[in-house]
Structures are given as C-alpha cells and as structure tokens.
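Heads up: the structure comes next, in structure tokens.
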Amino acid sequence: MSRRRSKRRRGHLWILLGLLASAGVLFAHLAVHLSPAHWAFPALAGLGFPVFGLLLFVSMWVALRRGRWFWFLGFLLLVVCSAPLYRCAWGGFGFGMPEVHSGGLTFKVMSWNVRLYDRYGWLGEGTREGIFESVEAEAPDLLCLQEHFRDSDPVAFPVDVPMRRAFTGETGVDVERHEVWARGKSGRRFGVVTWSRYPIVGKEAIVFGTTSNNVCGVTDIKWKGDTVRVFNAHFASLHFGSEEYAALEYGVPDAESRQRIWSRMRTAYTDRVTQVGQVMTAVSRSPHPVVLCGDFNDVPVSWALASARAQLRDVHDVQSICLDGTWQGVVPGLRIDHLFIDPSWAVVNYETGGGGLSDHRYVTSEVQVPSR
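Just so you know, we're using numbering that gives the first Met the number 0 here: the sequence shown kicks off at 0 and counts up by one.
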C-alpha cells in the first residue's frame, strides 16, 4: 500500500513539474513574439527554454508511461506547437534546408568575440597567440571578430600583423580587412573587424550611439562574380560586474543583487531591440545576399533571434540535438554567438571551438551558394 502511495506521489510530482514546464514554455513563446521593450519578463523564459523544454518532454514521457492520457495529450500538444522553439535551441536536423550539392561553390565563415585578444591577461600567457593559431587552423575565407582592439602602442601589443599572417596562412594570398570602431579611450580603440580573402568593394557602419563596444560593420565582398554583404555585429551586453557574477556563481542572489541583475538585464534587452531593429532594417534593404554574424548577447529563443530568423537562416539548424553553448561564463550552455545566411544558401557544417581563449567560443560554418 505504501509503495503504491509513493508511486502515486511521484506521478503527481511529475504532473506538477510538467505544468511548471508548460508555463515556462508558454512564456518562451511570448519571448519570441513580444518585444522586451514592452515587457522584458518573458525573455527570462526564453533564456530558460532548454530547461523548460526538456522538462516538458520528460513529463510527457512519464505521463505516457503511467497511462495519464489527459496529461500526456496536453503535454504532447504543447511540445508539437513548440517545435519551432526546440529547433531554435537544439537544432533542426537540417530539415527544410537547401540540399548540399557535390562540387558546389562553398566558402567558410568564422565569427568570434576575442575579448580584446586578452590584452589585460585575464586568461594567462599565450592566449593571444592561441587566438592567432585557432584562426590559422580554421582557415576561414571570411573572419568576423568582435571586441577587436588596437592598443595605443601597436608595437607593444601587436594584433594586425600576426592576425594577417594567421588569416593568410600558407596560401600567401593577399587579404583585406574592414575595421569599425565603436569607441576610443586614451589612444586605444574598440570595435569589430572583418577580414576577407576576397576583394572588399564596399565599407559602411551602423553606429548604435552607445558608450560601449557595440557597433556593426557592413562589408561588401566580391565573391565569384557576385557581391555578398556581410554584417558583423556586436549587440548590447548585460555589463555584469564582479558582484553580479559572484552572486550568480555562489548561490541564490539576495534581494538587492536580484534587483541589480534584473535592472541590467532589462536595460540590455531594451538596447538590443533598437540595435537589432537598425541592423535588420539594413538587411531588408540589402540588394545583395547577406551574411549576418556576431555576438548577439542573446539566446536562440528570443525576440532578437526571431527578428533575424524572419529574414535569414540560422546555420545552427543543421545541428541535431546540440545546444552548442558559446559563452564560457557561469551559466553553461548559452549560445549567444550566431551566424545567419541567405535562406537560399545551403549549410555544409557547423562547429564551435576556441575553448579557454576568450569568454566566448568561436562559431564556424561552411556554406554553399547556389549556382546562378
């Protein structure tokens, strides 16, 4: 009798967990469709969707095992309706994507927030050289870097020459770059840079007007007789300090810390609405196929990413049940660095790397452009 009662309690517990997960998933739907400038709270559910979505799926399975058909069908309906969110977070197995053709024209894109090339020694000796070695090993055709940095004394902290050498590799082919600076301080400069193995035929910038390192470089490259417009973006971050990170890392934050953390998050969400809106307006007006990549500082289930998906294809869709977290911070599994391409292009592969060389992992993808 006691065993049966215990089993019944566990069944009730899973139903309650399923209801909690359902509420989280429903709020995640709001996070995608409702601008956080109007109401930022649902964005937290988007942040937690991998947990809510997994818990909902497990609750559905438990309800099926225990013959709770009402709850099983209810959870199943929500899982099916949330398929686009699962695809955003975990990958789409390549379903619905253009087919890769053998012998087709491909080029490789790499995007990385290099955190000032570890100028201030946060990660120890040899980090900058490790960044250059990673770029050389990946050998991309197009390299987009965020938190690019130029020291007031380039000789004391050289970046341009070793990066050019790493990007060129053993090919010896001349390369071009487009630097866009977000701000300067005491002779130092902070921004983004786009390196290309192909001729750069146009350079522009979308300046967000902030005092942070956020900016977007717009670069037109000539590739195989066509022009590709590349948007290299760094959107607003949370600007957490050591106190906020410590509060998250060592337990449940107190009321004051929670208020401070939420205030910073709400400000970042609101700033990103404006910044992403500016970039996506420029994307919609582009006369050329588009590559959009960079540090979005936002997760796949979010208003910002939904805005990009409305016009472009997320290369991560080729993955199969992989979170592929890119932020190497206190919360594991957060994918905040993204790469989007023209919807007519095919995705050959998707990879991340660069662990321990920045607070971000890099993203690479080889894409195939349809023949014209």
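Using N, Cα and C, we set each Cβ at its ideal position, and we do this for glycine too.
Residue span of the alpha helix (DSSP H) that contains residue i, given as start and end
i, result
"Tyr197", "Here Tyr197 belongs to no alpha helix (DSSP H), and DSSP marks it neither H nor E."
"Glu255", "Ala254 to Ser283"
"Tyr85", "Ala82 to Trp89"
"Ile335", "That residue, Ile335, is in no alpha helix (DSSP H); it is neither H nor E in DSSP."
"Ser58", "Phe48 to Arg64"
"Thr167", "Asp159 to Thr167"
Span separating the alpha-carbon of residue i from that of residue j
i, j, result
"Tyr268", "Cys215", "17 Å"
"Val179", "Ser21", "44 Å"
"Gly186", "His315", "38 Å"
"His233", "Val78", "33 Å"
"Gln145", "Asp294", "7 Å"
"Pro161", "Gly190", "18 Å"
"Val57", "Leu333", "21 Å"
"Leu322", "Trp261", "24 Å"
"Ser151", "Pro157", "10 Å"
"Trp68", "Tyr349", "39 Å"
"Arg271", "Val298", "12 Å"
"Leu142", "Phe239", "27 Å"
"Leu33", "Gly125", "44 Å"
"Val361", "Asp140", "Before going on, a small fix: residue 361 reads as Tyr here, not Val. Going from the Cα of Tyr361 to the Cα of Asp140 covers about 15 Å."
"Leu356", "Val329", "16 Å"
"Trp111", "Asp253", "34 Å"
"Lys184", "Gly73", "56 Å"
Minimum C-alpha distance to residue i - residue among the options
i, options, result
"Pro370", "His238, Leu237, Gly328 and Trp222", "Here residue 370 turns out to be Ser, not Pro, going by the sequence shown. Of the listed residues, the one whose Cα sits closest to Ser370 is Trp222."
"Leu54", "Val108, Trp13 and His28", "Trp13"
"Ala307", "Pro288, Val278 and Ile335", "Val278"
"Asp336", "Ser319, Glu365, Phe26 and Leu291", "Leu291"
"Gly224", "Pro288, Arg284 and Thr209", "Pro288"
"Pro35", "Ala62, Glu255, His147 and Val300", "Val300"
"Arg263", "Cys80, Leu237 and Phe74", "Leu237"
"Pro331", "Pro139, Thr105, Gly23 and Gly47", "Gly47"
"Val50", "Trp68, Ala305, Trp89 and Arg67", "Trp89"
"Ala27", "Gly52, Gly17 and His37", "Gly52"
"Glu365", "Leu322, Gln258, Leu104 and Arg64", "Leu104"
"Ser319", "Gly352, Ala42 and Phe92", "Phe92"
"Cys80", "Leu25, Leu43, Trp60 and Arg9", "Leu25"
"Leu15", "Ala44, Val61 and Leu43", "Val61"
Segment limits, beta strand (DSSP E) that includes residue i
i, result
"Gln145", "Leu141 to Arg149"
"Cys292", "Val289 to Asp294"
"Phe349", "The residue you asked about is not Phe; residue 349 is Tyr in the sequence shown. Tyr349 -> beta strand (DSSP E) spans Ala345 to Gly352."
"Trp38", "It is not in any beta strand (DSSP E) - Trp38 carries neither H nor E in the DSSP assignment."
"Val179", "Glu175 to Lys184"
"Arg228", "Asp225 to His233"
"Asp219", "Val214 to Trp222"
"Leu104", "Leu104 to Asn112"
Beta-carbon separation (whole angstroms), residue i vs residue j, contact threshold 8 Å
i, j, result
"Ala39", "Arg265", "5 Å"
"Thr280", "Lys107", "No, Thr280 and Lys107 are not in contact; Cβ-Cβ is about 28 Å, not under 8 Å."
"Val346", "Met96", "6 Å"
"Phe207", "Gln274", "5 Å"
"Ile130", "Val154", "Incorrect: roughly 19 Å between the Cβ atoms, too far for contact."
"Asn296", "Ala235", "6 Å"
- Sufficient close CB pairs (3 or more, under 8 Å) joining the region 116-127 to the region 199-208: no
- Are the region 162-174 and the region 188-197 touching, with three or more C-beta to C-beta distances below 8 Å? yes
- How about the region 84-102 and the region 339-354: do they share at least three Cβ pairs that are nearer than 8 Å? Under the 8 Å Cβ criterion, the region 84-102 counts as touching the region 339-354, having at least three qualifying pairs.
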